Structure formats: structure tokens, C-alpha cells
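Chemist: The opening position of the sequence shown corresponds to residue 1021 in the working numbering, with each subsequent residue numbered one higher. Dumping the structure here so I can ask a few things about it.
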Amino acid sequence: MRVRFRFLSSLFLLIFSWATLSAQDQEPTLRELATQNDFHIGAAVYTYHLTNADHSRVLASEFNMLTPENEAKMCEVQPQQDRFDFTRFDQLMDFAETNDMVVRGHTLVWHNCMPAWLQNGDFTRDEAIQILRDHIMTVVGRYQGRIAYWDVVNEAIDDNSQIRETVWQQLIGDDYIDLAFQFAHEADPNALLFYNDYGAEGMNQKSNAIYDMVSDMVSRGIPINGVGLQGHFTVGDSNNWVSPANLGRNITRLGELGLEVQITELDVRHAGVATDAILEQQARDYYNITQTCLENPYCTAVVTWGVGDRFTWLRDSNLGFFENPDVEPLLFDVDYAPKPAYYAVADALREALGLDPVSDVAPAEETTETVSRVVDLPEPTKSDDAQLAPDSVDGVAYYAAFPVSITLDGSTDDWANVPRVTVNQGPQLPENNDTSMKFAVVADTEYLYFLAEVTDSNVVYGNYDVSEWYREDSVEFYLNTTGDLDASTYEDGIVQIGIMAGNLTQPETPLIGGGNSAQAQVNAVVVQTETGYIVEAAVPLQTDAWSIEPAHLNSLGFQAHLNGSSGEDRDTKLIWSIYDTADQSWQDPSLFGELIFWNINQ
Ligand code: G3I
């Protein structure tokens, strides 16, 4: 039977509920499908929830892996120094072993759930190392041979991609991470030892930092076997920052270090009440993540952070993350009926076995179509003799005239005869076609100058802080000065420069955001016009991060975006380069086009 969940009407919803229930009765469970795939589908479970019969039934029948949600954490097992309490952990181990489930231990070392005695204690480095060793030897040793995987260290990298300053880090130093893995290996040489973190699933600054850290550990012989990608997502993330291509690339680079990868805490949240459209996109997200993991030989498990929507940390008002009492982030609803996301995961597993799908979520919508770089550019030509540089090649290359000097004053008089490029295409087109941008670029001997002439009937600014600059009217220029147009991460010399329309208010510090943007030392002027606004910006040719030489036909990676908002949030996204079809330039500079210098005196 094929269950469709597009465009559900209420009547159809009733039929759908019946159909999905009977499909679950007839079709193999996730657990059966995963086992046939030699794969693990797991769920986190808190012992208290096992008293709910539906919870236990679904957990045992649908999952072949189990993670203790809290029972293995330090505050639970060693609430007082040297007084260990394994009561609930043992109950979970009994459940797992009775039901023949593989266990992922989570987690030995974390800045959260730290017992007060340790948090407030006054310990020397040697004492702290002894405490770390005793804790790990006792916990891992107790379950030696029974826990296949351990999250040894959790969330040691902070949101600025630096080693997090935790109690362990302060007492011992950064090598507490190495030591934790060494002690865990000593306690159970056969357990596979993982580093686990959030926000590092796709290719981004944090996953780069984690990649660097684990690759260094591997090269020094520290006994690390894998990386856990937590996967606390929001509906739609798999169409955006954690696209299958992006997730796949991160998994592969970790795998190539000799590490195993698992998705360890998957859930997909949403705002408000879950509508059919939300549940449909959530299903697609679950499908995309599971399918990407399954098809990648280095990825061996997908674990959801809970079983059903009745018990999820996202509904726990004890926690600081409590945002939406109606959130339904998991595979089963509050009554343990399977949701569209359940069938989507089933379909990813079925597809890998060559079985027909039970829903129409597969195949994944192609979100990042790959467009190959145009290498052979046409002969440069000028459609108008007065132009200072040749016509650009649409979405591929822009010829930047030099030397041309510009004054940053919001006037376009000094931009006469500089070719403009219209940007009116992108993944989010404006309603009523009322927003677009013309850009131009020139250089003199000291600066590269950008001009954006934005047409926008409603210039919106002031609703967002500069940290969320891209959510309201703003212009983005990107540069890759490294000489490697295929670079796919933000190394030094690659910048995203986001200039907010909010600069119209002439704030003391210019409202400029974007990846590595501080490296660019941007100066910008924004002025309002009758039809929208103008941005003029300059970046020095020589900085600590780069040395740009505007020689005839020299080229740089270059990109331009326009963000438009009509009030609440960004609702327009226009993109120049043809290589970026899914708004990925912010994390993948290989999607930029080219800027080619053109000497006006040659
Ligand atoms: O059960 C007690 C309750 O008896 C008591 O009255 C109440 C008062 O604080 O606390 C309750 O326990 C809380 C427990 O969740 C269940 O509600 C703990 O305080 C609270 O700290 C605990 O939160 C857990 C959180 O980690 C911190 O340990 C969540 O359940 C758990 O889902 C969450 O899991 C983390 C992963 O370990 C790491 N990655 C992120 C993930 C989500 O935050």
C-alpha cells in the first residue's frame, strides 16, 4: 500500500490514519528493516518513561538501539563524590538486554549535568585527573562488553568553534579530552569511543573545528573511533544548512579519517501547532537525514532523541529550551501512532533494500542541483563602447573595471559607464516582483568598491539585530581571494559581507555581518532612494587576510545576494551566481562566480 500525505484534507486525514495504522501492522517495523540493512535505528529513553506501556512496546518493537537519555550522565551516576548510583542505568540495561538492543552510552564528560560537588569543588589538576579517571573507569568498567558505543566527550566545542571553557577544561586543560578517551579505552578496549556535538552536522565553521580536533587526535593515536552528529533540527533544515549533500560531505570527510559516524540525537522541531504541511516537511527532513546516513558507508546509526511526542526534552518545562508546548518533533505522536516522519524513515530503509515505498516522500527533492563551473568564457565584448569594462557573463563572471576611484557618499555619479548586472532570480522570489538589485564592482589602487542599487517598494529594517542581519533587507557581497575557486569552506581570505539596510540610520558601528566579514574591514554607506536604497561599500586591497592585485584578467571568486523582507522575516532571496541554486554560498564558497579585473587603460 502506498500512503500519500500531500495536500491532506480532513476527510483524507481520517483515511490516512486508518491506512497508516494498517500499513504499520502489515509492513516490517523500522527495527526489522534496519536489521536487514545491518544498520541501527535507535531512540533515547529515560527510565521513568518505561512505565508507559505504549512507550516500552514501541521502543522494543521499532528500534534496535537504545541510548540512556540521562542515566549515564555524571550528575545521575555520581551525585556525591565516590557515591555511585546505577539504579536507573541498570534498569535501562535490563530493558535493552531483554529486548536484544545495542546500547550507546551517553555521556561520560559534559559541561552540563555536572554534580555540584565537582562544579563547586576546589581541585588541583592532578586531583581532577584522578576524578575523571575514577569516574570513567567505574562507569565504563561496570558495563564492560555490554555497551557497544560511548559518547566519551560531549559538546566540547563552543558556538564560536573554540574549545569550550568548562569545569573540566579549567581544572585540567584542553587535554582533558585526550585523557577521557584514554581512560575509556582502558576501561573497555572493545567499546567504540565517540566525540558527540550539535550544530556540526553539515559543513560549517563548527564542523571544521571538530574535524580539525578529531583529525589531530587520530594522528596522535588517541583512541577515538567515531563522531556523533546530534541532529537537533528545525523543520526545513534539510533543504538548507544541512542538505543531504552537505551532511554527506561532512560524514565522508570524517569517515576518511578512519572514523565511524552516527546521527545520535535526531529530532525535528517546529513553531506553533503541527500542520499537515509541517508534518510533510518534517517527514522529508527525516527521510533526507536517514537516507544520507544509510547510503554513506561511514554512517552506521540514526538515533532519535525520544520515542514519541509525549516525552521529548523540547516539551520539558524544566529545561531552558522550552519554546513550544505543542511541538511534535519525533516519529510517533503523543498516542504512539506513527507519523508521516515514521513512514519517511521506513522508506529510506526500504529503498536501501530495494522494497517499494509506503509513502510518497521519496525520492528526496533535489535541493542542491550541481551546476558545473563554466571554464571557457566567451570572448569579452562591450555592447556599448562607452562601457568601462565588457559585458558580464550572466551569473558566471563579472568584469570589474580598474582603476576607477569612487567616493563613498551614496551618489552614483562616479559610477557612470560602469556595467551593471541585474539580480532578479533566486530561491525565494518577491511577491509582486517588486524587489531586485543591480550591482557593479570597480577597483582603484587601494580599494575594491561595490555598488548595489536596490529596487524595493518597502525597505524594512530595525527588526533584527546585526547577528541576524540576513533576516531583513540587506545586500551580500562575497569574495574568495585564495586563488582556489573550488574551495568549499570558509578559509581565511574567503568572506561573506552582509550590509544591512539598517545602516540608513547611520549607527555608530556599521551593521555588517557574514562569515569571516571582520577580515574584510568593510566601509559602507547606505542611502534611501525613491525606489529603494543604494549601498556603496569599499574593502582594502591589502589586509592581514589577503593581498588583491587588480591586474588585467586576474580573477577572484565573487558572489552577490539580495535579502528582502516585508515585515516579519526574510521572504525574498535573490542570487547572482548560477552555481548557487539553494542559498548555500554562506557555507560553500565553491558556489561563487568570478570577478575578473579589466584594466580600462589597456
Ligand atoms: O526528573 C526530574 C524531576 O524529578 C525534577 O523535579 C526536575 C527538576 O529539575 O528535574 C527532572 O529531571 C530533568 C530531566 O531532564 C527530565 O525532565 C533534569 O533536571 C534535566 O536536567 C534533564 O534534562 C536533560 C538534559 O539533557 C540535561 O541533562 C534532558 O532530559 C535531555 O534530553 C537532554 O539531552 C541533551 C543531550 O544529553 C546532549 N545533547 C542535547 C540534548 C538536549 O538538551
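Glycine included, each C-beta is placed from N, C-alpha and C at the ideal position. It should be emphasised that the depicted structure is a prediction, and the values quoted were computed from it without experimental measurement.
Could you check where the alpha helix (DSSP H) with residue 1228 kicks off and where it finishes?
Modeler: Residue mapping note: residue 1228 aligns to position 208 of the sequence shown, counting from 1. Segment 1225-1239, the alpha helix (DSSP H) holding residue 1228.
Chemist: To test your reading of the DSSP string, which unbroken alpha helix (DSSP H) runs of 4 or more residues are found completely within the stretch 1229-1301?
Modeler: Counting only runs of 4 or more, we get 1264-1275.
Chemist: Closer than 7 angstroms to a non-hydrogen atom of the ligand G3I - does that hold for the CB of residue 1619?
Modeler: Mapped onto the sequence shown, residue 1619 falls at position 599. No - the ligand G3I has no heavy atom lying nearer than 7 angstroms to the Cβ of residue 1619.
Chemist: Buried or exposed: which applies to residue 1155, given that a residue is buried once 16 or more other Cβ atoms fall within 10 Å of its Cβ?
Modeler: The residue labelled residue 1155 in the question sits at position 135 within the sequence shown. It is buried - the Cβ of residue 1155 has at least 16 other Cβ atoms within 10 Å.
Chemist: Rounded to whole angstroms, what is the Cα-Cα separation between residue 1089 and residue 1231?
Modeler: Along the sequence shown, one-based indexing puts residue 1089 at 69. Along the sequence shown, one-based indexing puts residue 1231 at 211. In a straight line, the C-alpha of residue 1089 is about 25 angstroms away from that of residue 1231.
Chemist: Using 8 angstroms as the threshold, is the C-beta distance between residue 1604 and residue 1611 below it?
Modeler: As a position in the sequence shown, residue 1604 is number 584, starting the count at 1. As a position in the sequence shown, residue 1611 is number 591, starting the count at 1. Closer than 8 angstroms, so yes.
Chemist: Nearest CA to the CA of residue 1086: which residue from 1160, 1212, 1125, 1280?
Modeler: As a working mapping, residue 1086 is identified with position 66 in the sequence shown. Checked all of 1160, 1212, 1125, 1280; the closest Cα to residue 1086 is 1125.
Chemist: Whole angstroms are fine: how far does the CA of residue 1281 sit from the CA of residue 1146?
Modeler: Translated into positions along the sequence shown, residue 1146 becomes position 126. Translated into positions along the sequence shown, residue 1281 becomes position 261. Roughly 33 angstroms separates the two Cα atoms.
Chemist: Specify the secondary structure class of residue 1131 as computed by DSSP and reduced to three states.
Modeler: Here residue 1131 refers to the residue found at position 111 when the sequence shown is read from its first residue. The answer is coil: DSSP assigns residue 1131 none of H, G, I, E or B.
Chemist: How many whole angstroms separate the CB atoms of residue 1512 and residue 1565, which I take to be in contact at a CB cut-off of 8 angstroms?
Modeler: Translated into positions along the sequence shown, residue 1512 becomes position 492. Translated into positions along the sequence shown, residue 1565 becomes position 545. About 5 angstroms separates the two Cβ atoms, so the contact holds.
Chemist: With a threshold of 6 angstroms on Cβ separation, who are the neighbours of residue 1112 within its own chain once the five nearest residues in sequence on each side are excluded?
Modeler: Along the sequence shown, one-based indexing puts residue 1112 at 92. 1067, 1088, 1091, listed in sequence order.
Chemist: For residue 1607, is the classification buried or exposed, using 16 other Cβ atoms within 10 angstroms of its Cβ as the cut-off for buried?
Modeler: Locating residue 1607 in the sequence shown gives position 587, where the first residue counts as 1. Buried, by the Cβ-count rule.
Chemist: Can you check which of these residues, 1441, 1096, 1367, 1409, is closest to residue 1312 by C-alpha distance?
Modeler: Counting from 1 along the sequence shown, the entry for residue 1312 is found at position 292. Minimum Cα distance to residue 1312 is reached at 1367.
Chemist: Are there 16 or more other CB atoms within 10 angstroms of the CB of residue 1609, so buried, or fewer, so exposed?
Modeler: Residue numbering aside, residue 1609 sits at position 589 when the sequence shown is read from its first letter. Looking at its Cβ environment, which holds 16 or more other Cβ atoms inside 10 Å, residue 1609 is buried.
Chemist: Tell me the residue span of the beta strand (DSSP E) that contains residue 1590.
Modeler: The residue you call residue 1590 lines up with position 570 of the sequence shown. That run of the beta strand (DSSP E) goes 1590-1595.
Chemist: Rank 1461, 1301, 1284, 1427 by C-alpha distance to the C-alpha of residue 1420 and give the top, closest one.
Modeler: Reading the sequence shown from its first residue, position 400 is the one you call residue 1420. Residue 1420 has its Cα closest to that of 1461, out of 1461, 1301, 1284, 1427.
Chemist: Does the ligand G3I have a heavy atom nearer than 7 angstroms to the CB of residue 1174?
Modeler: Translated into positions along the sequence shown, residue 1174 becomes position 154. Correct: residue 1174 has its Cβ closer than 7 angstroms to the ligand G3I.
Chemist: How about residue 1285: is its Cβ closer than 7 angstroms to a heavy atom in the ligand G3I?
Modeler: Here residue 1285 refers to the residue found at position 265 of the sequence shown. Yes, the ligand G3I has a heavy atom inside 7 angstroms of this Cβ.
Chemist: What span of residues does the beta strand (DSSP E) with residue 1165 cover, start to end?
Modeler: For this step, residue 1165 is matched to residue 145 along the sequence shown. Element bounds for residue 1165: n/a, residue is neither H nor E.
Chemist: So what's residue 1435 in DSSP terms, helix, strand or just coil?
Modeler: In the sequence shown, residue 1435 corresponds to position 415, counting from 1. Looking at residue 1435 - three-state DSSP - the assignment turns out to be helix.
Chemist: Can the beta-carbon of residue 1545 be found less than 8 angstroms from the beta-carbon of residue 1556?
Modeler: Taking the first residue of the sequence shown as 1, we reach residue 1545 at position 525. Taking the first residue of the sequence shown as 1, we reach residue 1556 at position 536. Yes, the pair counts as a contact, with Cβ atoms nearer than the cut-off.
Chemist: Below 8 angstroms on the Cβ atoms is my guess for residue 1465 versus residue 1423; work out the distance and round it to an integer in Å.
Modeler: Within the sequence shown, the letter at position 445 stands for residue 1465. Within the sequence shown, the letter at position 403 stands for residue 1423. Confirmed, about 6 angstroms.
Chemist: Check for me: the alpha helix (DSSP H) holding residue 1361 runs from which residue to which?
Modeler: Indexing the sequence shown from 1 puts residue 1361 at position 341. Taken as a continuous stretch (DSSP letters only), the alpha helix (DSSP H) holding residue 1361 covers 1360-1373.
Chemist: Where do the ends of the beta strand (DSSP E) carrying residue 1473 lie?
Modeler: Stepping through the sequence shown from its first residue, residue 1473 is reached at position 453. Residue 1473 -> beta strand (DSSP E) spans 1467-1476.
Chemist: For residue 1579, which three-state DSSP category applies?
Modeler: As a working note, residue 1579 is residue 559 in the sequence shown. Residue 1579 falls in the strand class under three-state DSSP.
Chemist: Using DSSP's beta-bridge definition, name the partner residues of residue 1124.
Modeler: The sequence position of residue 1124 within the sequence shown is 104, counting from 1. Residue 1124 pairs with 1169.
Chemist: Here's the rule I'm using: 16 or more other beta-carbon atoms within 10 Å means buried, otherwise exposed. How should residue 1165 be labelled?
Modeler: Within the sequence shown, numbered from 1, the residue matching residue 1165 stands at position 145. The residue in question, residue 1165, is exposed, as its Cβ has fewer than 16 Cβ neighbours within 10 Å.
Chemist: Which residues in the same chain as residue 1540 place their Cβ atom closer than 6 angstroms to its Cβ, once the five residues preceding and following it in sequence are excluded?
Modeler: Reading the sequence shown from its first residue, position 520 is the one you call residue 1540. Excluding positions up to five away in sequence, the list reads 1515, 1517, 1559.
Chemist: Can the beta-carbon of residue 1050 be found closer than 8 angstroms to that of residue 1547?
Modeler: Against the sequence shown, residue 1050 aligns to sequence position 30. Against the sequence shown, residue 1547 aligns to sequence position 527. No, they are not a contact pair.
Chemist: DSSP three-state call for residue 1011: helix, strand or coil?
Modeler: The structure shown does not extend to residue 1011, since the chain is modelled only from 1021 to 1622, so the question has no answer here.
Chemist: Since residue 1192 and residue 1149 should fall inside the 8 angstroms C-beta cutoff, what is the C-beta to C-beta distance between them, to a whole number of angstroms?
Modeler: Mapped onto the sequence shown, residue 1192 falls at position 172. Mapped onto the sequence shown, residue 1149 falls at position 129. Confirmed, about 6 angstroms.
Chemist: If we ignore side chains and look at the alpha-carbon of each, how far apart do residue 1622 and residue 1452 end up?
Modeler: The residue given as residue 1622 occupies position 602 in the sequence shown. The residue given as residue 1452 occupies position 432 in the sequence shown. Looking at the two C-alpha atoms, the distance is approximately 44 angstroms.
Chemist: Rounded to a whole number of angstroms, what is the C-alpha to C-alpha distance between residue 1216 and residue 1276?
Modeler: Translated into the one-based positions of the sequence shown, residue 1216 becomes position 196. Translated into the one-based positions of the sequence shown, residue 1276 becomes position 256. When rounded, the distance between both Cα atoms is 18 angstroms.
Chemist: Name the DSSP bridge partner or partners of residue 1217?
Modeler: As a first step, residue 1217 is located in the sequence shown; it is residue number 197 there, counting from the start. BP columns for residue 1217 point to 1249.
Chemist: Look at residue 1137 and residue 1093 and say whether their C-beta atoms are less than 8 angstroms apart.
Modeler: For the purposes of this step, residue 1137 is taken as the residue at position 117 of the sequence shown. For the purposes of this step, residue 1093 is taken as the residue at position 73 of the sequence shown. No, Cβ-Cβ distance for residue 1137 and residue 1093 is not below 8 angstroms.
Chemist: Across which residues does DSSP place residue 1518 in a beta bridge pair?
Modeler: Here residue 1518 is taken as the residue at index 498 of the sequence shown, counted from 1. According to DSSP, which records beta bridges pairwise, residue 1518 is partnered with 1496, 1533.
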